[in-house]
Ligand code: C2O
Ligand code: CU
C-alpha cells in the first residue's frame, strides 16, 4: 500500500514535479490513515537565543525548527529542501522507521546536496516525545541550530490542559558576543563544547494556576548534560525517551543527556521555572508565567498507555562496547581522540550482526574520565541495573565515567543502525559503531 516514491539527490525535481510525484501515493494512503505533510528547509537564520540575536542555522528560519506533531500510527511525509551551502541529512531520533529513512551518512543515504530535495516518508508506531536533527556534520549543524521537536500523540491523549515542549540548549559566544562556531581541540577531548548561554525554548509562556500540564523535555544540545529541576508544579515523571513508565514516578531532579527526553505531567501550583542545577550556580533556563486560576483536578495523574514492542527472548548475541580515549584517558589503538573497542570512527564490521528478532545484550564499559550518552538508532533498549533488573526503556543511555551498564533489546528492525555517543563532539572524534539486522 505504501508506494514509495523517492526523491533522491540524483533526481533533481522541480517543486511541481515533486508534488506530482508524491501526489501519486496520496490516494491509497488516505484510505489507511492520515498523512502529515511537512516541508523542512534548513538554511542560515538569525536566531534569538536568550537575549542574543545570533547568526546560526535553522529549519524554516527558526531555532528550534517547527514542531512536527501527529497521531500514533499516522504517516509523516517530510520534504527536506537543502538551503545550506553544505550537504545535510535529517534523522528522526527515537522513531522506529525503515532503515532507508534514518538519515545517516554512509549507512543509509548520501548527504542531500545544496539545493537538492529529499522526501522522508514513514509512519510513527510509538506515541511519545521525539525530535529531529541534522545527522550530517552533526556536531556542527546541530550546535548551529538544526533540530526541532517531533511529537507523536497517543490515540487517546491524557487529560491535560496544556502540552508544552521544552528544549534545553546552550550556545558559546565569542569575545564580541557572536555565535562562536569554532571547535577547539579541548572541545573534542573533554566533556565537550559547553556554551555559557544556557537556555530553554518553551512552546508556551503562560498557563493558569491549577492547569494540568504535560511538559515534554528534550535535550538537543551538542554535549551538555542537564540536571533539571522544575519549580511551580506538583506531579510525576511519566516517560523517558518517549516510552511510558508502568508507574509514574514523583517528580524530582531530572538528568538529561544529549538526545534524551522526559515527559512530566503535573499540576501548576505557582509560576513555573525550568532550572539547571548541576553546577554551583542554579541557572533559570526558562519561565512560564501564570495568569488566572482554574479548579484543580481531583483525579490522580495516570500512567500513559504503553507502546507495543516485541518481548525479550533468550539472548542470542552478547557484545561489549568499551569507550576509550579523551583527555586523561588510557591509550587505545584508534586513530582519533576517542574510540570504541580500539577503533575510531565507523568500523567496516558491525558490533553485532543479528537476525531480525534476535535479543541482544551489550555491555557498555566507560573506560574514560568523562560521561557518554550512548544512542542506538531504530530501536529502544532496556537499561539493566547492577542487580540485573530492567529499569528504563530508552534510546539513549548516560554512562558516567568509570561506569558499566548492560543494555538489552530485541533487534527487530532490518538494516544498518548507528550506535554512537550523542555528545556529538565525541561522535565526530571517533565514538561510533553500528549494528546489522537481517
Ligand atoms: Cu540523535 Cu545518531 O542521533
Ligand atoms: Cu561521548
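Residue numbers (the numbering used here): 125 to 562. Backbone N, C-alpha and C define an ideal beta-carbon position, used for all residues, glycine too.
What does a CB cutoff of less than 6 angstroms around residue i pick up in its chain, not counting 5 residues either side in sequence?
i: residue 528; result: 489
i: residue 400; result: 322, 350, 407 and 409
i: residue 402; result: 351
i: residue 506; result: 514, 517 and 532
i: residue 165; result: 184, 205 and 207
i: residue 355; result: 397
i: residue 324; result: 290, 292, 398, 409 and 410
i: residue 338; result: 284, 287 and 389
i: residue 353; result: 377, 399 and 401
i: residue 540; result: 231, 558 and 560
i: residue 258; result: 212, 265, 266 and 270
i: residue 312; result: 461, 549 and 553
What is the DSSP secondary structure of residue i, counted as helix, strand or coil?
i: residue 224; result: helix
i: residue 260; result: coil
i: residue 126; result: At residue 126 the pLDDT is 34, less than 50, meaning the model places this residue with poor confidence; the figure from the coordinates comes in the next sentence. It is coil, neither helix nor strand.
i: residue 358; result: strand
i: residue 561; result: strand
i: residue 313; result: helix
i: residue 154; result: In this prediction, residue 154 has a pLDDT of 41, which is less than 50 and means its spatial position is unreliable; what the coordinates show is noted afterwards. Three-state DSSP puts residue 154 in a helix.
i: residue 411; result: strand
i: residue 423; result: coil
i: residue 198; result: coil
i: residue 400; result: strand
i: residue 353; result: strand
i: residue 447; result: strand
i: residue 203; result: strand
i: residue 391; result: strand
i: residue 252; result: strand
i: residue 145; result: In this predicted model, residue 145 has a pLDDT of only 39, less than 50, meaning its place in the structure is not dependable; the value taken from the coordinates is given anyway. Looking at residue 145 - three-state DSSP - the assignment turns out to be helix.
i: residue 238; result: coil
Contact check, residue i vs residue j under 8 angstroms by CB: the rounded distance?
i: residue 326; j: residue 501; result: That pair is no contact at about 28 angstroms.
i: residue 388; j: residue 375; result: 6 angstroms
i: residue 443; j: residue 484; result: 7 angstroms
i: residue 291; j: residue 504; result: Actually they do not touch by this definition, with Cβ atoms about 21 angstroms apart.
i: residue 431; j: residue 218; result: Rounded, the Cβ-Cβ distance is 11 angstroms, inconsistent with contact.
i: residue 190; j: residue 272; result: 6 angstroms
i: residue 280; j: residue 248; result: 16 angstroms between Cβ atoms; not a contact.
i: residue 294; j: residue 345; result: 6 angstroms
i: residue 297; j: residue 269; result: Their Cβ separation, rounded to whole angstroms, is 14 angstroms, which puts residue 297 and residue 269 out of contact at 8 angstroms.
i: residue 496; j: residue 519; result: Not confirmed; about 15 angstroms, so no contact.
Roughly how many angstroms separate the alpha carbons of residue i and residue j, rounded to a whole number?
i: residue 511; j: residue 241; result: 49 angstroms
i: residue 371; j: residue 429; result: 11 angstroms
i: residue 318; j: residue 422; result: 42 angstroms
i: residue 201; j: residue 182; result: 19 angstroms
i: residue 553; j: residue 447; result: 12 angstroms
i: residue 521; j: residue 341; result: 16 angstroms
i: residue 304; j: residue 347; result: 15 angstroms
i: residue 385; j: residue 343; result: 6 angstroms
i: residue 487; j: residue 550; result: 19 angstroms
i: residue 462; j: residue 158; result: 44 angstroms
i: residue 336; j: residue 426; result: 12 angstroms
i: residue 369; j: residue 418; result: 28 angstroms
i: residue 175; j: residue 424; result: 39 angstroms
i: residue 357; j: residue 373; result: 14 angstroms
i: residue 180; j: residue 308; result: 18 angstroms
i: residue 267; j: residue 476; result: 30 angstroms
i: residue 161; j: residue 558; result: 30 angstroms
i: residue 454; j: residue 310; result: 17 angstroms
i: residue 194; j: residue 377; result: 29 angstroms
i: residue 548; j: residue 239; result: 25 angstroms
i: residue 220; j: residue 538; result: 11 angstroms
i: residue 163; j: residue 458; result: 40 angstroms
i: residue 562; j: residue 168; result: 39 angstroms
i: residue 299; j: residue 306; result: 12 angstroms
i: residue 440; j: residue 209; result: 45 angstroms
Using a Cβ-Cβ cutoff of less than 7 angstroms, which residues in the same chain neighbour residue i once the five nearest sequence positions on both sides are dropped?
i: residue 494; result: 314, 315, 450 and 525
i: residue 420; result: 334 and 391
i: residue 222; result: 246
i: residue 329; result: 412 and 413
i: residue 278; result: 196, 251, 428 and 429
Might you give, ordered along the chain, the residues of its own chain that have their beta carbon closer than 8 angstroms to the beta carbon of residue i, omitting 5 neighbours on each side?
i: residue 416; result: 332 and 333
i: residue 225; result: 216, 232, 244, 245 and 246
i: residue 481; result: 434, 437, 534, 535 and 536
i: residue 556; result: 464, 469, 470, 542, 543, 544 and 545
i: residue 170; result: 177, 178, 179 and 180
Hey, does residue i have any beta-carbon neighbour from chain D nearer than 8 angstroms?
i: residue 502; result: Any reference to chain D falls outside this structure, which holds one protein chain only.
Jot down the residue ranges of each uninterrupted alpha helix (DSSP H) in the segment 511-551, minimum 4 residues, whole runs only, in chain order. none
Could you tell me which whole beta strand (DSSP E) segments of length 3 or greater appear in the segment 449-514? 462-464, 476-478, 482-490, 496-500 and 505-508
Only counting runs of 3 or more residues, tell me where the beta strand (DSSP E) segments fall wholly within the segment 259-340, in order along the chain. 271-277, 286-295, 321-326 and 330-333
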